[in-house]
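Here is the structure we will look at.
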Amino acid sequence: LFAATRYRLDDADYLLLAAHHLLVDAMSWRILIEDLADALADAPAGAAPLSAPWRDWAMALSAADAGPERAYWEWITATPSRTAPEHGYDETEILTLDLGPVPAGVSERGVLAGLLARLGAALADRDGCDEACVTLASHGRHALDGALDVSRTVGWFTAEYPFRLVCGASPGAIEAALHDVPSQGVGWSVLRWLGSDPIAAAEPAIAVNYLGNVDPAAEAPFAISDRLPGVVASGLRRARAIELEAWCSGGRLAVAIRHAPRCDSPAAIRRFAALISRTPSAEPPQGWVSPRTERSPPCLPASAIASAIPFLPRCR
Numbered sequence: 047l048f049a050a051t052r053y054r055l056d057d058a059d060y061l062l063l064a065a066h067h068l069l070v071d072a073m074s075w076r077i078l079i080e081d082l083a084d085a086l087a088d089a090p091a092g093a094a095p096l097s098a099p100w101r102d103w104a105m106a107l108s109a110a111d112a113g114p115e116r117a118y119w120e121w122i123t124a125t126p127s128r129t130a131p132e133h134g135y136d137e138t139e140i141l142t143l144d145l146g147p148v149p150a151g152v153s154e155r156g157v158l159a160g161l162l163a164r165l166g167a168a169l170a171d172r173d174g175c176d177e178a179c180v181t182l183a184s185h186g187r188h189a190l191d192g193a194l195d196v197s198r199t200v201g202w203f204t205a206e207y208p209f210r211l212v213c214g215a216s217p218g219a220i221e222a223a224l225h226d227v228p229s230q231g232v233g234w235s236v237l238r239w240l241g242s243d244p245i246a247a248a249e250p251a252i253a254v255n256y257l258g259n260v261d262p263a264a265e266a267p268f269a270i271s272d273r274l275p276g277v278v279a280s281g282l283r284r285a286r287a288i289e290l291e292a293w294c295s296g297g298r299l300a301v302a303i304r305h306a307p308r309c310d311s312p313a314a315i316r317r318f319a320a321l322i323s324r325t326p327s328a329e330p331p332q333g334w335v336s337p338r339t340e341r342s343p344p345c346l347p348a349s350a351i352a353s354a355i356p357f358l359p360r361c362r
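Under the working numbering, the first residue of the sequence shown is numbered 47, with each subsequent residue one higher.
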């Protein structure tokens, strides 16, 4: 489930960390990178505080009562939502946008709100809708009872939940709506998958996942390499027309739009991306600029890149 290998190449030394998704999520990688930096700096063992094990979190979720949230989630899922036919990841393509610099001091929730404002404006222009139900993702480490601390636990905690996006709303209004989501979406997962009376809801056709700042700390004795592309197992199935995965690196916001030509033509996606690129007229995030666009193949066969990346066969 986890492997680490050091490679000594001509330009530099590389450490490949390969982990099954059951073991890590985006926040877990941050924790592992921080621990690696501490180890390389000879920081004393136990310098970072420990938090509860993943098993305790899983058991707590199984026993959790999210009933008080039910009315909220039923209201959210009553929003009309476009759906998409199921298809494989090998049928998808990626369009990458550079949305420019993120203003200093903007919180991660504020960055997400700005991105959702762009998305809402794009949906209003494209579909003529006033509201849309989209899937969002949180780090999922919010305990329903507030008692369990898993802030530095490594594991797969990500919680996906539906969000009612008011198209044309300002970033400030969207940020307030994000603040009002109970338990950061964890309660939805409990009601949808663990409850005795699960909420029935269609899968929204659009999902947004903001990963936050993916850069290591400035004082870290290493940098994250981009030599290894993200190869997705072609057998995986998906039921979303569009997935937006966003992250901040080097102070700039990037968005990868994964889409399926059977749901939206490449020309339609380019038009949609151009709409997202526009800064909403209400409360624009100051300094965001028009993007650079790059098309990336998401499902490359290993044979096509193994010659360029000598350590690829270890990452399966």
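Here a beta-carbon is modelled for each residue, glycine too, at the ideal position from N, C-alpha and C.
Alpha-carbon to alpha-carbon, residue j and residue i
i, j, result
"Ile-220", "Tyr-53", "45 angstroms"
"Leu-240", "Thr-204", "15 angstroms"
"Ile-77", "Ala-50", "16 angstroms"
"His-133", "Ala-222", "35 angstroms"
"Ala-167", "Trp-234", "26 angstroms"
"Leu-86", "Val-70", "21 angstroms"
"Phe-363", "Leu-165", "Summary: the structure shown does not reach residue 363, with the chain confined to residues 47 through 362, and so no result is reported for it."
"Arg-286", "Asp-88", "45 angstroms"
"Pro-312", "Ile-288", "12 angstroms"
Extent of the continuous beta strand (DSSP E) to which residue i belongs
i, result
"Thr-51", "48-54"
"Glu-139", "139-147"
"His-225", "Unbroken run through His-225 is the alpha helix (DSSP H), 217-225; no beta strand (DSSP E)."
"Trp-293", "288-295"
"Thr-181", "177-184"
Same chain, Cβ closer than 6 angstroms to residue i, neighbours up to 5 away in sequence not counted
i, result
"Cys-294", "Val-148, Asn-259"
"Ala-38", "Beyond the ends of the chain as shown, which are 47 and 362, falls residue 38; an answer cannot be given."
"Asp-261", "Ser-295"
"Arg-128", "Ala-251"
Boundaries (first-last residue) of the alpha helix (DSSP H) holding residue i
i, result
"Arg-101", "100-109"
"Tyr-118", "116-123"
"Leu-172", "Note on identity: in this sequence residue 172 is Arg, with Leu being the wrong assignment. First-last of the alpha helix (DSSP H) with Arg-172: 154-173."
"Glu-80", "72-86"
"Phe-318", "312-323"
"Ser-235", "232-235"
Short CB-CB distance (under 8 angstroms) between residue i and chain C
i, result
"Gly-231", "No chain C appears in the structure shown, which is made up of a single protein chain."
CA nearest to the CA of residue i, picked from the options
i, options, result
"Ala-215", "Cys-175, Leu-237, Ala-248, Ile-245", "Cys-175"
"Ser-248", "Ala-58, Ser-153, Ala-110, Thr-123", "Sequence inspection shows Ala at residue 248; the Ser mentioned does not correspond to that position. With distances taken between Cα atoms, Ala-248 lies closest to Thr-123."
"Pro-126", "Ala-159, Val-212, Asp-59, Gly-231", "Val-212"
Cβ-based neighbour list, residue i, same chain, cut-off 7 angstroms, excluding 5 preceding and 5 following
i, result
"Ser-197", "Ser-97, Arg-187"
8 angstroms Cβ shell around residue i - same chain, five flanking residues per side excluded
i, result
"Leu-282", "Gly-134, Tyr-135"
**Item:** At least 3 beta-carbon pairs within less than 8 angstroms: the region 250-258 vs the region 182-189
**Value:** For the pair of segments examined, the region 250-258 was found to touch the region 182-189: the number of CB pairs separated by less than 8 angstroms reaches three.
**Asked** Looking at C-beta atoms only, is the number of pairs between the region 135-142 and the region 290-308 that lie closer than 8 angstroms three or more?
**Response** Cβ pair count under 8 angstroms is three or more, so yes.
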